[in-house]
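Q:
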Amino acid sequence: MAQLHITQTRSTIGAKRNQRETLRSLGLKRIRDSVVLEDKPEVLGMVYTVTHMVSVEVVSDAGSAEVDVAASNEGSK
Numbered sequence: 001m002a003q004l005h006i007t008q009t010r011s012t013i014g015a016k017r018n019q020r021e022t023l024r025s026l027g028l029k030r031i032r033d034s035v036v037l038e039d040k041p042e043v044l045g046m047v048y049t050v051t052h053m054v055s056v057e058v059v060s061d062a063g064s065a066e067v068d069v070a071a072s073n074e075g076s077k
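Our numbering numbers the first residue of the sequence shown as 1 and each following residue consecutively.
1) Where residue 55 and residue 9 are concerned, what is the direct C-alpha to C-alpha distance, given to the nearest angstrom?
2) Going by C-alpha to C-alpha distance, which of 14, 58, 12 sits closest to residue 37?
3) For residue 58, which three-state DSSP category applies?
4) Can you give me the start and stop residues for the beta strand (DSSP E) that residue 36 sits inside?
5) Residue 41 to residue 35, Cα distance in whole Å?
6) Please check the pair residue 25 and residue 46, which I expect to be a contact at CB under 8 angstroms, by giving their CB distance rounded to whole angstroms.
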């Protein structure tokens, strides 16, 4: 099963309470914090909730190859 490398890119200041709690549930406490989690529907749902505050990379089973996922809000303006 693939893994997700999730990094918080935006501050929680001004964010809704459920978004702050979702980041905490993912294990993210501050900007540039990163976690590696299993690619499960539960995790994907949490990432979807805070997609504008995080960037996500899929780590392949081989471990070294990484692919950028369009979960980051950068460059969309």
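Glycine residues also receive a C-beta, built at the ideal position from the N, C-alpha and C atoms.
A: Inspection of the coordinates gives the following:
1) Position 55 of the sequence shown holds residue 55. Position 9 of the sequence shown holds residue 9. About 7 angstroms.
2) In the sequence shown, the residue the question calls residue 37 occupies position 37. If we check each option's Cα against that of residue 37, 58 comes out closest.
3) Position 58 of the sequence shown, counted from the first residue, corresponds to residue 58. DSSP places residue 58 in strand when its eight states are reduced to three.
4) Here residue 36 refers to the residue found at position 36 when the sequence shown is read from its first residue. Start and end: 34 to 38.
5) Position 41 of the sequence shown, counted from the first residue, corresponds to residue 41. Position 35 of the sequence shown, counted from the first residue, corresponds to residue 35. Distance between the alpha carbons of residue 41 and residue 35: 16 angstroms.
6) Here the question's residue 25 lines up with position 25 in the sequence shown. Here the question's residue 46 lines up with position 46 in the sequence shown. Right, their Cβ atoms sit about 6 angstroms apart.
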